[in-house]
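J.: In the working numbering, the protein residues as written are 289 to 747. No residue lacks a Cβ here, since even glycine has one placed at the ideal position from N, Cα and C. Bear in mind the structure is a predicted one, so any value in this text is a computation, not a measurement.
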């Protein structure tokens, strides 16, 4: 079965056919590094990490690029507020971003281009657009002329006339059309800038991704990923300037966009003040719990991020890790195949909910298997399948060790109550045994009676 992807460009699910099966290219819009990344930034990184892993199963050479936007007015404003240089700010938060993603078991991209390292490519692309009549200079700015590109609006399914008629902000006097967007803008002495044929200035946001993708992946790439909030104007503008500069029909053949994260049924946004930073979330929850939650809904749908959903993910993982702990003595079959149904689910437009259903089913099969050989086969399949999803990479002892991060007083009390309960059961004092269990339950502790003794964990 070939990989099927929902293509925003065509509005339907299509079989993936790369331009070159020996060189598959994928680009993901990365962060603007002026602050710590929030959990909304984590979702595309986690979702398309799974796609990256899936592609590498089918193709011998995948080049995955995820950029760092380190030229942006948000960074400039933060530099003014703090008195810091843009380089120190972007370096700090780019490093923090990658550390955050590491905690979510997201693999590093093959290429991580920084905007500041590609000014030459951006200037060259802008010059090409001017020469071909798709861009013009006005009052120190260079702007893309949207009327010069007949397919403008094709990706986002927006009509150019409607866009221009519906413009709500005051249109700059130097624009030929309200929808024309900036490729280059001037910088005064208080702003970072680079020399160009149009004077000292800096690039617009959209041209950065086009130039970096062309340099590292090619004029037409296979897959471009990102959040659906980027479809317009960012991705639409990327398409226009890339196709016009490179004389190509498509900038990317497949456009794949993930849905939003909601908190209390509201879209997470800075304006609502409901932003959760990745670093804060993983400080309170294991990164694998967060990853499970982010993949629990289909990537094109919204995912609810709440304490309740985190706790549910924790319980699910605890249950499966318990099965793995019960079978630590079983050596997983080497080179085991990935579960066929799970692989089919992921190839069907990254159906992670169905893939998780198969993970749960395999864990149940492992728990119920009667022979060590059956257990070895199932465990091998489970772990190979989990690797494709980026889960169960922690040793089970380490998983449960972090689960028992409680104060010594509570730990000593629970351990003593377990001893007392064991004695009560040995004495067949069932009333006393039940009373102790109720006391343990009141402490927020879950007991699990196993062959090798009684285990406990916090609720």
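For residue 634 and residue 625, which I take to be in contact (beta-carbon distance under 8 Å), what is that distance rounded to the nearest angstrom?
T.: That belief does not hold up - the Cβ atoms of residue 634 and residue 625 are roughly 14 Å apart, past 8 Å.
J.: Provide the residue span of the beta strand (DSSP E) that contains residue 295, from first to last.
T.: Element bounds for residue 295: 292-295.
J.: Let me make sure I understand the geometry here. Which of 334, 403, 419 has the alpha-carbon closest to that of residue 390?
T.: Checked all of 334, 403, 419; the closest Cα to residue 390 is 334.
J.: Who are the near neighbours of residue 629 in its chain, counting only those whose CB is closer than 6 Å to its CB and skipping five residues on each side?
T.: Cβ neighbours of residue 629 beyond the five flanking positions: 646.
J.: How big is the Cα-Cα spacing for residue 608 and residue 569?
T.: Each residue's Cα considered, the two are about 22 Å apart.
J.: Can you tell me whether residue 296 is buried or exposed? The criterion is at least 16 other CB atoms within 10 Å of its CB, across all chains shown.
T.: Residue 296 should be labelled buried.
J.: On the premise that residue 358 lies in contact with residue 403, defined as a C-beta separation below 8 Å, what is that separation, rounded to the nearest angstrom?
T.: With 8 Å as the limit, residue 403 and residue 358 qualify as a contact, their Cβ atoms being about 5 Å apart.
J.: On the premise that residue 654 lies in contact with residue 615, defined as a C-beta separation below 8 Å, what is that separation, rounded to the nearest angstrom?
T.: Residue 615 to residue 654, Cβ: 6 Å. Contact.
J.: Roughly how many angstroms separate the alpha carbons of residue 549 and residue 327, rounded to a whole number?
T.: Cα-Cα distance, rounded: 8 Å.
J.: Measure the C-alpha to C-alpha separation of residue 258 and residue 636 and round it to an integer number of angstroms.
T.: Only positions 289 to 747 of the chain appear in this structure, which leaves residue 258 out of reach.
J.: Just to confirm my understanding: we take residue 300, look at its own chain, exclude 5 residues before and 5 after, and list those with CB closer than 8 Å. What are they?
T.: Only 294 meet the Cβ criterion.
J.: Distance check for residue 408 and residue 291, CA to CA, integer angstroms please.
T.: Rounded to whole angstroms, residue 291 to residue 408 spans 36 Å at the Cα level.
J.: Go to residue 641, then tell me how far its alpha helix (DSSP H) extends in each direction, as first and last residue.
T.: Start and end: 640-656.
J.: Enumerated in chain order, which unbroken segments of the alpha helix (DSSP H) with a length of 4 residues or greater are wholly contained in the segment 359-446?
T.: With a minimum length of 4 residues, the continuous alpha helix (DSSP H) runs that stay inside the segment 359-446 are 361-370, 374-391, 407-419.
J.: Rounded to a whole number of angstroms, what is the C-alpha to C-alpha distance between residue 710 and residue 319?
T.: Cα to Cα, the separation comes out at about 54 Å.
J.: Residue 619: buried (16+ other C-beta within 10 angstroms of its C-beta) or exposed?
T.: Burial call: exposed.
J.: Closer than 8 Å by C-beta to residue 418: which residues in its own chain qualify, once you throw out the five before and the five after it? Chain order, please.
T.: Excluding positions up to five away in sequence, the list reads 424, 425, 430.
J.: If we ignore side chains and look at the alpha-carbon of each, how far apart do residue 428 and residue 474 end up?
T.: Each residue's Cα considered, the two are about 6 Å apart.
J.: Could you compute how far the alpha carbon of residue 341 sits from the alpha carbon of residue 742?
T.: Rounded to whole angstroms, residue 341 to residue 742 spans 38 Å at the Cα level.
J.: Hey, is residue 487's beta-carbon within less than 7 Å of any beta-carbon in chain C?
T.: Of the protein chains in the structure, only one exists, and it is not chain C.
J.: Starting from residue 551, follow the beta strand (DSSP E) in both directions and report where the run begins and ends.
T.: First-last of the beta strand (DSSP E) with residue 551: 549-551.
J.: Contact between the segment 376-389 and the segment 474-483 is defined here as three or more beta-carbon pairs at a separation below 8 Å; is this criterion met?
T.: Contact between the segment 376-389 and the segment 474-483 is absent, because fewer than three Cβ pairs lie under 8 Å.
J.: Hey, out of 610, 498, 674, 667, whose CA is closest to residue 684's CA?
T.: Among 610, 498, 674, 667, the Cα nearest to that of residue 684 belongs to 610.
J.: When DSSP labels each residue in this structure, what does residue 512 get in the three-state scheme?
T.: Note: residue 512 maps to strand in three-state DSSP.
J.: Relative to the C-alpha of residue 582, which candidate in 513, 720, 507, 601 has its C-alpha closest?
T.: That would be 601, whose Cα lies nearest to the Cα of residue 582.
J.: Return the first residue and the last residue of the beta strand (DSSP E) that residue 472 is part of.
T.: First-last of the beta strand (DSSP E) with residue 472: 469-474.
J.: Mapping the DSSP letters down to three states, classify residue 313 as helix, strand or coil.
T.: Here residue 313 sits in strand by DSSP.
J.: Grab the span of the alpha helix (DSSP H) containing residue 724 for me, first residue to last.
T.: Per DSSP, residue 724 belongs to the alpha helix (DSSP H) from 718-730.
J.: Which class does residue 742 belong to by DSSP, given the choice of helix, strand or coil?
T.: Looking at residue 742 - three-state DSSP - the assignment turns out to be strand.
J.: Run through DSSP, which three-state label would residue 307 get?
T.: If DSSP states are grouped into helix, strand and coil, residue 307 belongs with coil.
J.: Just how far apart, CA to CA, sit residue 603 and residue 650?
T.: Computed Cα separation, rounded: 17 Å.
J.: Please classify residue 540: does DSSP put it in a helix, a strand, or coil?
T.: DSSP places residue 540 in strand when its eight states are reduced to three.
J.: Counting along the chain, where does the beta strand (DSSP E) carrying residue 490 start and finish?
T.: 489-491 is the span of the beta strand (DSSP E), which, as asked, contains residue 490.
J.: Would you check if the distance between the CB atom of residue 591 and the CB atom of residue 585 is smaller than 7 Å?
T.: Contact: yes.
J.: Who pairs with residue 735 in a beta bridge, going by DSSP?
T.: Answer is 744, bridged to residue 735.
J.: Considering only DSSP beta bridges, list what residue 351 is partnered with.
T.: DSSP, once it has assigned bridges, lists 313 as partnering residue 351.
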